[in-house]
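First residue of the sequence shown: 1406, per the working numbering; consecutive thereafter.
Each residue gets a CB set at the ideal place from its N, CA and C atoms; glycine is no exception.
Here's the structure, in structure tokens; my notes come after.
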Amino acid sequence: MVCNRPLVRLLFLRKSPVLRAAGRKITTSRRPRTVDTIKSRLSLMMFLQYAVWGVWLPVLATYLQSSVDDGGMGFTSGQVGLIIGVAGSLGAVSAPFIAGQFADRYFATEKFLAALLVFGGIVKISLSYQDTFAAWLVLATLYSVLYMPTLSLTNSMAFAHLDNAESDFPRIRVWGTIGWIAASWLFPMIWLQTNLEFQLLPPFFVGNEVPDATERLADTLKVSGVVAFLYAGFCFLLPHTPPNNDEVEKLAFKKAFSLLTHRSFAVLVAASLPVAVIHQIYFMQAGPFFENQLGMLVTYIAPAMTVGQFAEIGFLALLGTLLIRLGFRWTITLGALAYFARYTIWGLISLQDSTGPSVDAAGQFVWTAQLMIGVFSQILHGLCYACFFASAFMYVDRVADEDIRNSAQTVFGIIILGVGPMIAGPALGILGNVFGEAGVVTNFAGMWFTLAIIALLTAALVAVSFRDETE
């Protein structure tokens, strides 16, 4: 269950690289109306793809780390890190090989996608009934192996059926972000609150949190499974995408690793690894931070975290301008500094004692200054992602020779989505012991300041050592 999404989202920037299926061409002539129908189906595919993910990921750490008395699982920060970080990283590492070996060679993409979704949905629903760490770790790993390949497959299918992918794919991919946001908002609105009323400020619809809200977070897993089943059925309405039987270049991966002899690529890898770690820890601790330090009701955690997704859309639209004006070196440095700024802000507001749940006498949500700063500082998340990760993948695509771009992106993606989260899991366990009680982070200021220092050192590394070798 990987929480990082950079490699997957960045595929809109060019026909990447992760799968050879991305290069498929559809030779049949299509009337404009047929093309529009295909685009509509691909857009709905993206919506469902990320709704399956967005309904549970923002709140999973909160559920796992909350005490049993409060309705959670009572796991330590280290255990949460293993479930979200390490288990998820195994899926990220295996995804290119599973998708490449089966979908590219033997099965139609839409049918293989449907099969993965059905089995993944079964595992996801089964997870909601588990009450031991061992069961969670095993099933979380299995789910990650089943789900992560679907991210590449959906991008692969979209590229295969778009005549002008560089122009059309961003408009289709944005529906994935909309699906994530919709799932993150609708579940708590429908299932975790009563007596909803409209207000002008986010989250717009507020009400009274149900008494067993934390326990009900487990239902996000069931909803995800049900949506996966519906999505699997919809797969048979997607355009047919046959397997691609082109021979795979056996030496491409070896040549891709030779990019480490390029100073710029080596520096980029050295900088991206720690950023991937602190990026992953954000997803593993933002929920508990909002609840336990800032007093946010669990009902509003998922909607609050979507501020980052809204910001991503805006900053990605500005990325081209930033790269023209600043170049890769300073744009990537700016991304690392955005991590430093966000974690520093969170560390500073954590120095104040928690005031308890942010509710009024009637039990309804109210904004505090501390909470507003914490939530809206997530606008920096969009700057973090666009300037650091998106720019990094673009640079890899530029520095690699044309014949190894696929493998270069895959190698870099494995480092970011696989190795980074794998380190983040044990790292969170260490942070829980250093800045917590009984293995659970309680001194959020200490943790966020530690991550801020890592981000600042990374920014310095890029600023001092990185040089664009493509100019």
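Range of the contiguous alpha helix (DSSP H) that encloses residue i
i, result
"ASN1560", "1538-1565"
"PHE1502", "1492-1503"
"GLN1690", "1668-1693"
"GLU1515", "1514-1532"
"GLN1470", "1462-1470"
"LEU1601", "Looking at the DSSP string, LEU1601 is not in any alpha helix (DSSP H); the run it does join, the beta strand (DSSP E), is 1598-1603."
"TYR1511", "Careful: TYR1511 lies outside any alpha helix (DSSP H) and carries neither H nor E."
"PRO1826", "1825-1839"
"PHE1484", "Strictly speaking, residue 1484 in this sequence is Gln, with Phe absent from that position. Here the alpha helix (DSSP H) through GLN1484 covers 1482-1486."
"GLN1535", "Premise fails: GLN1535 is in no alpha helix (DSSP H) and is neither H nor E."
Neighbourhood of residue i by C-beta distance below 6 Å, restricted to the same chain and skipping five residues each side
i, result
"VAL1457", "SER1629, VAL1632, ALA1633"
"CYS1792", "THR1736, LEU1739, GLY1740"
"PHE1849", "PHE1694, GLN1698, SER1755"
"GLY1834", "GLY1483, GLY1486"
"TYR1790", "GLU1717"
"GLY1584", "PHE1452, TYR1455, ALA1456"
Close beta carbons around residue i, own chain, < 7 Å, minus the five adjacent residues each side
i, result
"ASP1873", "SER1669, GLY1732, PHE1733, ARG1734"
"LYS1529", "TYR1548, LEU1626, SER1629, GLY1630, ALA1633"
"ARG1436", "For ARG1436, the pLDDT reaches just 47, beneath the cut-off of 50, and the residue's location in the model is therefore unreliable, leaving the point undetermined."
"ILE1828", "VAL1682"
"TRP1853", "TYR1748, TRP1751, GLY1752, SER1755"
"SER1472", "GLY1479"
"TYR1800", "LEU1673, PHE1733"
"ILE1431", "Confidence at ILE1431 is low in this model, with a pLDDT of 39, below 50, so the placement of that residue is unreliable and no value is reported for it."
Burial state of residue i (16 or more Cβ within 10 Å)
i, result
"SER1434", "Its pLDDT being 41, under 50, SER1434 is placed unreliably in this model, and the value from its coordinates should be taken loosely. Counting Cβ neighbours within 10 Å, SER1434 comes out exposed, since fewer than 16 surround it."
"THR1863", "buried"
"PHE1609", "exposed"
"HIS1645", "exposed"
"GLU1614", "buried"
"GLN1604", "exposed"
"LEU1643", "buried"
"THR1555", "buried"
"GLN1470", "buried"
"ARG1730", "exposed"
"GLY1700", "buried"
"THR1666", "exposed"
"GLN1685", "buried"
"LEU1635", "exposed"
"ILE1503", "buried"
"ALA1545", "buried"
Residue from the options whose Cα sits closest to the Cα of residue i
i, options, result
"SER1796", "ARG1747, ILE1821, THR1736, ALA1850", "THR1736"
"ASP1475", "PHE1502, VAL1703, TRP1772, LEU1642", "VAL1703"
"GLY1612", "GLN1775, VAL1845, PRO1831, GLN1769", "GLN1769"
"GLU1876", "GLY1834, ILE1809, VAL1804, LEU1753", "VAL1804"
"ALA1588", "SER1812, LEU1453, ASP1765, PHE1817", "LEU1453"
"MET1553", "ALA1860, LEU1776, GLY1823", "GLY1823"
"PHE1564", "GLY1837, GLY1496, THR1514, SER1763", "THR1514"
"LEU1532", "ALA1709, VAL1543, GLU1717", "VAL1543"
"TYR1705", "ILE1859, GLY1837, TRP1590, GLY1787", "TRP1590"
"ILE1858", "ILE1784, SER1759, GLY1787, ALA1743", "ALA1743"
"LYS1660", "THR1815, SER1499, ALA1832, VAL1498", "THR1815"
"ALA1716", "ASP1573, ARG1510, VAL1579, ASN1560", "VAL1579"
"GLY1526", "TYR1511, VAL1550, PHE1512", "VAL1550"
Segment limits, beta strand (DSSP E) that includes residue i
i, result
"ASN1613", "1610-1614"
"THR1704", "Taken as a continuous stretch (DSSP letters only), THR1704 belongs to no beta strand (DSSP E), as it is neither H nor E."
Separation of residue j from residue i, as counted between CA atoms
i, j, result
"ALA1623", "PHE1695", "18 Å"
"ALA1676", "ASN1600", "48 Å"
"GLY1490", "THR1855", "19 Å"
"VAL1867", "PHE1840", "29 Å"
"PRO1648", "LEU1447", "18 Å"
"ASP1568", "LEU1723", "25 Å"
"TRP1751", "SER1782", "8 Å"
"TRP1772", "VAL1460", "24 Å"
"VAL1464", "GLY1725", "33 Å"
"GLN1535", "TRP1541", "7 Å"
"ALA1427", "GLY1830", "Since pLDDT at ALA1427 reaches only 36, below the 50 mark, its modelled position is unreliable, and the value read off the structure follows with that caveat. If you take the alpha carbons of ALA1427 and GLY1830, they lie about 32 Å apart."
"GLY1638", "GLY1479", "36 Å"
"GLY1825", "SER1494", "8 Å"
"GLY1818", "PHE1662", "12 Å"
"LEU1727", "ALA1671", "23 Å"
"VAL1869", "ASP1617", "51 Å"
"ASN1838", "GLY1851", "12 Å"
"PRO1501", "PHE1507", "10 Å"
"LYS1516", "GLY1787", "34 Å"
"ALA1709", "ALA1865", "31 Å"
"ASP1802", "PHE1524", "34 Å"
Close Cβ partners of residue i (< 8 Å) along its chain, the five nearest in sequence each way excluded
i, result
"ILE1820", "VAL1674, SER1677, LEU1678, ALA1681"
"ALA1466", "VAL1485, ILE1489, PHE1688, MET1689, GLN1690, ALA1691, GLY1692, PRO1693"
"ILE1577", "LYS1444, LEU1447, SER1448, MET1451, ALA1563, LEU1567"
"THR1847", "ASN1697, PHE1840, GLY1841"
"GLN1757", "GLN1775"
Cβ of residue i within 8 Å of any chain D Cβ
i, result
"LEU1556", "Checking the listed chains, one finds no chain D in this structure; it contains a single protein chain."
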